[in-house]
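Novice: Residue numbers (full-length UniProt numbering): 1 to 132.
1) Nearest to residue 122 by CA position, among 128, 98, 111, 107, is which residue?
2) Closer than 8 Å by C-beta to residue 43: which residues in its own chain qualify, once you throw out the five before and the five after it? Chain order, please.
3) So, is residue 11 buried or exposed, given that buried needs 16 or more other C-beta atoms within 10 angstroms?
4) Taking the alpha-carbon positions, what's the residue 68 to residue 51 distance?
5) Kindly indicate which residue of 35, 95, 119 has the alpha-carbon position closest to the one of residue 101.
This is the structure:
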């Protein structure tokens, strides 16, 4: 998020994590130099009361879906993807960075998003998903 902020091409950037200690470190590191970064503690599987329907134009995640799926919690992965879809406006973009190939991830995303997949580096995949 720091690089996105520093590029000047983005407005407010909202960062969500479940770890209070991680958020505290990031807030302290960025509070003065990067005032458009917000840091919120929340469960990405249930963002009601935190964000409204259609509040965001886009969302970026780095291996959150991997973490949920690698624990064998397909229902939890479904809740997570549904919440991202809920908080995105129609046509909004969800950019997913994952170490899992399309066969292991697309079934979670389809139904909410139309996706294009690119190999970024080695085993890292970028899923560019547009809300249906």
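For each residue, glycine too, the CB sits at the ideal point set by N, CA and C. Keep in mind the model is a prediction, meaning the values are calculated, not measured.
Specialist: In terms of the structure at hand:
1) Sequence index remark: in the chain shown, residue 122 carries index 122 (1-based). Closest option to residue 122, Cα to Cα, is 98.
2) Taking the chain shown and counting its residues from 1, the one referred to as residue 43 is at position 43. Shown here for residue 43: same chain residues with a beta carbon closer than 8 Å to its own, the five before and five after excluded, namely 18 in chain order.
3) For this step, residue 11 is matched to residue 11 along the chain shown. Its Cβ having fewer than 16 others within 10 Å, residue 11 is exposed.
4) One-based indexing of the chain shown puts residue 68 at position 68. One-based indexing of the chain shown puts residue 51 at position 51. Near 21 Å, if we compare the C-alpha coordinates of residue 51 and residue 68.
5) Against the chain shown, residue 101 aligns to sequence position 101. Considering only 35, 95, 119, the residue with the shortest C-alpha distance to residue 101 is 119.
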